[in-house]
Amino acid sequence: MRNISDIIEQHLKGILTQSPNGSIEIQRSELADLFQCVPSQINYVINTRFTVQKGYIVESKRGGGGYIRIRKVQIVSKARLQELLTEELIGESISQSVGNAIVERLQEEGLVNAKEAALMKIATSRNVLTLESELRDRLRANILKQMIAAILLK
Numbered sequence: 274m275r276n277i278s279d280i281i282e283q284h285l286k287g288i289l290t291q292s293p294n295g296s297i298e299i300q301r302s303e304l305a306d307l308f309q310c311v312p313s314q315i316n317y318v319i320n321t322r323f324t325v326q327k328g329y330i331v332e333s334k335r336g337g338g339g340y341i342r343i344r345k346v347q348i349v350s351k352a353r354l355q356e357l358l359t360e361e362l363i364g365e366s367i368s369q370s371v372g373n374a375i376v377e378r379l380q381e382e383g384l385v386n387a388k389e390a391a392l393m394k395i396a397t398s399r400n401v402l403t404l405e406s407e408l409r410d411r412l413r414a415n416i417l418k419q420m421i422a423a424i425l426l427k
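Each residue of the sequence shown is one higher than the last, beginning at 274 in this note's numbering.
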């Protein structure tokens, strides 16, 4: 059985898919009422499931007429995607969880299949990169950048 976070995430992604401009505006309290949960549960879902690494931009305005705007980042070109991923999101060092989020985004966009995504995750996992944390995160970043470059060339 799926938990409430999964259900909220799927609901929001469904609305985003139907949006003509790839953007939605929601009110935290209305969504909390819909799913009969506390507003902090909505915050949790948005903060963990709709990140830049996963291809979303989230803006919020607090107060009486406040809203949360979620926008799916559109991939303009493979060159721009590679630049965004390698220079802005990966950088010199990357954690396993952020690396996995990037791989999942590549899979969502159809740039890698499930088998390739699984291999990328395994190759950059703590179980394979058995080094001190700082070195491991730097090596993971280098491996991911090279894998992404190879994928986007195909």
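Here a beta-carbon is modelled for each residue, glycine too, at the ideal position from N, C-alpha and C. From a predicted model like this one, the values you see are computed outputs, not experimental measurements.
Residue i - containing beta strand (DSSP E), residue span
{"i": "residue 331", "result": "329–334"}
{"i": "residue 298", "result": "296–299"}
{"i": "residue 344", "result": "340–345"}
Beta bridge counterpart(s) of residue i as assigned by DSSP
{"i": "residue 367", "result": "Its beta-bridge partners do not exist; DSSP assigns none."}
{"i": "residue 418", "result": "DSSP lists no partner for residue 418."}
Nearest neighbour of residue i, chosen from the options [CA to CA]
{"i": "residue 301", "options": "375, 404, 320", "result": "320"}
{"i": "residue 385", "options": "366, 304, 417", "result": "417"}
{"i": "residue 410", "options": "383, 381, 365", "result": "365"}
{"i": "residue 367", "options": "397, 425, 426", "result": "397"}
{"i": "residue 294", "options": "405, 369, 279, 344", "result": "344"}
Exposure label - residue i; buried when at least 16 CB within 10 Å
{"i": "residue 395", "result": "exposed"}
{"i": "residue 399", "result": "exposed"}
{"i": "residue 378", "result": "buried"}
{"i": "residue 374", "result": "buried"}
{"i": "residue 408", "result": "exposed"}
{"i": "residue 335", "result": "exposed"}
{"i": "residue 413", "result": "buried"}
{"i": "residue 318", "result": "buried"}
Terminal residues of the alpha helix (DSSP H) in which residue i lies
{"i": "residue 322", "result": "312–322"}
{"i": "residue 283", "result": "277–291"}
{"i": "residue 358", "result": "It is not in any alpha helix (DSSP H) - residue 358 carries neither H nor E in the DSSP assignment."}
The stretch 353–371 contacting the stretch 330–345, beta-carbon criterion three pairs below 8 Å: Fewer than three Cβ pairs drawn from the stretch 353–371 and the stretch 330–345 lie within less than 8 Å of each other, which leaves the two stretches out of contact.
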